[in-house]
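Heads up: the structure comes next, in structure tokens.
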Amino acid sequence: MSLLNNIKIAVIGGGSWATALIKILCEQNNVQIRWWLRNQKDIEHIRKFHHNPSYLSDVVLSPKKVKVFEKTTEAVKGADYVILAVPAAFIQEALRDLSSKHLQGKRIVSAIKGMVPDQNMLITDWVAKEYGIDLQETCVIAGPCHAEEVALEKQSYLSIASTECPSAEDFAKLMTCRYVTANPLDDLYGVEYAAVMKNIVALACGITHGLGYGDNFQAVLVSNAMQEIGNFVTALDPRERNMSSSAYLGDLLVTAYSQFSRNRLFGNMIGRGYSVKAAQLEMKMIAEGYYATKSITEMNKIHQVSLPITSAVYRILYEEQAPGMVMDELKKLLK
67 MSLLNNIKIA
77 VIGGGSWATA
87 LIKILCEQNN
97 VQIRWWLRNQ
107 KDIEHIRKFH
117 HNPSYLSDVV
127 LSPKKVKVFE
137 KTTEAVKGAD
147 YVILAVPAAF
157 IQEALRDLSS
167 KHLQGKRIVS
177 AIKGMVPDQN
187 MLITDWVAKE
197 YGIDLQETCV
207 IAGPCHAEEV
217 ALEKQSYLSI
227 ASTECPSAED
237 FAKLMTCRYV
247 TANPLDDLYG
257 VEYAAVMKNI
267 VALACGITHG
277 LGYGDNFQAV
287 LVSNAMQEIG
297 NFVTALDPRE
307 RNMSSSAYLG
317 DLLVTAYSQF
327 SRNRLFGNMI
337 GRGYSVKAAQ
347 LEMKMIAEGY
357 YATKSITEMN
367 KIHQVSLPIT
377 SAVYRILYEE
387 QAPGMVMDEL
397 KKLLK
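Counting the sequence shown from 1 gives a position; the numbering used here is that position plus 66.
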């Protein structure tokens, strides 16, 4: 696909990450964006005022480049790329009107850092299964990058992963602009699993912060978590990879430490005594790590990798064990 031609990109999702990705794409002269949102009021507002009233409302969206649609079938029509940017728990509902013929010949890009609940599948695997998409025609977008900093045009970095580098290279060019550098790599599964698991770690960091643990403990927690992620990823997809690079360690660090991390915020509320339901209601946003914790735990019943941090978070969220007690036990396992 020549990047010299006018490229049509469908974006599925109306949240902060979808809005940030559209802002980046608007920097390109040769891109037209076809945007699907679920909220009808937001659609009408964007058409009239050219910004998302619900997320990153300061971001101005070019009406010449961005068109919004009520139906996914219309949004993906004629698109070269389809970016999926809805929470993993809602992906089936969001795409329910699409069939394999709607996505035929298109490259699918997952900007979702989660797994399909109950099926315990990565988004790329689920799309391949449900819609007959060749994995070579899929990419994933990973960090380290927060939507809020993209909105502020702070220097940011993205990792674009696929099974083959040429696919990632093409899309990385589209996601590179004056304040974003996108780097391609050919480790689709490694990047995708690492992006899922770093949200679990951010939850753990938030829980410990809510309990009153300090930076010293969090540094040990994150360094142990990097080993945990590496061991799990290697068990599922053994190959040589540099886990200290930005696609893995960088993405983990920004999610574990940032004020913008919704997973850290969710964990912090749990550590302070909120129930899962109360934390979810107050946040009004999805913390992907909540669902990922269950998916990774269930997957690991087969693979039997030592995952003490993931196990601790699972016990707190799904078995309703006291966060203080669980973290007291976890701290004895860390080195």
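Ideal Cβ placement from N, Cα and C applies to all residues, glycine included. Remember, predicted model here, so these are calculated numbers, not experimental data.
Does DSSP put residue i in a helix, in a strand, or in coil?
| i | result |
| --- | --- |
| Met-187 | strand |
| Asn-265 | helix |
| Met-181 | strand |
| Gln-106 | helix |
| Phe-156 | helix |
| Thr-247 | strand |
| Phe-326 | coil |
| Ala-151 | coil |
| Ile-375 | helix |
| Leu-399 | coil |
| Ala-227 | strand |
| Thr-242 | coil |
| Tyr-384 | helix |
| Ser-165 | coil |
| Ser-222 | strand |
| Ile-174 | strand |
| Ile-199 | coil |
| Cys-211 | coil |
| Val-288 | helix |
| Val-206 | strand |
| Ser-341 | coil |
| Val-142 | coil |
| Glu-272 | Looking at the sequence itself, residue 272 is Gly, so the reference to Glu does not match. It is helical. |
Just to check my reading of the structure: residue i and residue j have Cβ atoms closer than 8 Å, yes? What is that Cβ distance to the nearest angstrom?
| i | j | result |
| --- | --- | --- |
| Leu-359 | Ile-266 | In the sequence on display, residue 359 carries Thr and not Leu. With a Cβ gap of about 5 Å, Thr-359 and Ile-266 count as contacting. |
| Lys-74 | Gly-144 | 5 Å |
| Ala-213 | Leu-122 | 6 Å |
| Ile-112 | Val-134 | 5 Å |
| Ala-234 | Asp-252 | 7 Å |
| Ile-295 | Ala-322 | Actually they do not touch by this definition, with Cβ atoms about 11 Å apart. |
| Val-193 | Thr-204 | 7 Å |
| Leu-169 | Val-142 | 7 Å |
| Ala-177 | Trp-83 | 6 Å |
When the Cα atoms are used, what is the spatial distance from residue i to residue j?
| i | j | result |
| --- | --- | --- |
| Thr-300 | Ser-372 | 12 Å |
| Ser-341 | Glu-385 | 12 Å |
| Cys-231 | Ile-149 | 18 Å |
| Pro-250 | Cys-211 | 15 Å |
| Met-67 | Asn-366 | With a pLDDT of 45 at Met-67, under the threshold of 50, the modelled position of this residue cannot be trusted; read the value that follows with caution. Their Cα atoms are separated by approximately 39 Å. |
| Ala-388 | Ile-382 | 6 Å |
| Gly-337 | Met-391 | 11 Å |
| Phe-283 | Asn-290 | 11 Å |
| Leu-87 | Gln-370 | 37 Å |
| Arg-305 | Phe-115 | 49 Å |
| Glu-258 | Asn-95 | 29 Å |
| Glu-93 | Gly-180 | 27 Å |
| Val-262 | Ala-208 | 10 Å |
| Cys-243 | Asn-334 | 34 Å |
| Ile-109 | Gly-355 | 28 Å |
| Leu-254 | Val-206 | 7 Å |
| Val-286 | Asn-118 | 39 Å |
| His-275 | Ser-222 | 26 Å |
| Ala-79 | Asp-281 | In the sequence as presented, Ala is not what sits at residue 79; that position holds Gly. If I take the Cα positions, the gap works out to 35 Å. |
| Lys-397 | Thr-376 | 13 Å |
| Asp-146 | Asn-72 | 10 Å |
| Leu-218 | Val-288 | 27 Å |
**Q.** Length at least 4, wholly inside the stretch 344 to 373: the alpha helix (DSSP H) runs in chain order
**A.** 354 to 369
Q) Does the stretch 127 to 140 touch the stretch 160 to 168, meaning 3 or more C-beta pairs lie closer than 8 Å? A) yes
(Q) With three or more beta-carbon pairs closer than 8 Å as the criterion, would you say the stretch 322 to 334 touches the stretch 254 to 271? (A) yes
Q: Can you check the stretch 74 to 134 for any alpha helix (DSSP H) of at least 4 residues that lies completely inside it and give the ranges in chain order?
A: 82 to 91 and 106 to 115
Q.
Using a Cβ distance threshold of 8 Å, determine whether the stretch 228 to 242 contacts the stretch 312 to 325, with at least three qualifying pairs required.
A. no
(Q) At 4 residues or longer, what runs of the alpha helix (DSSP H) sit wholly inside the stretch 299 to 324? (A) 317 to 323
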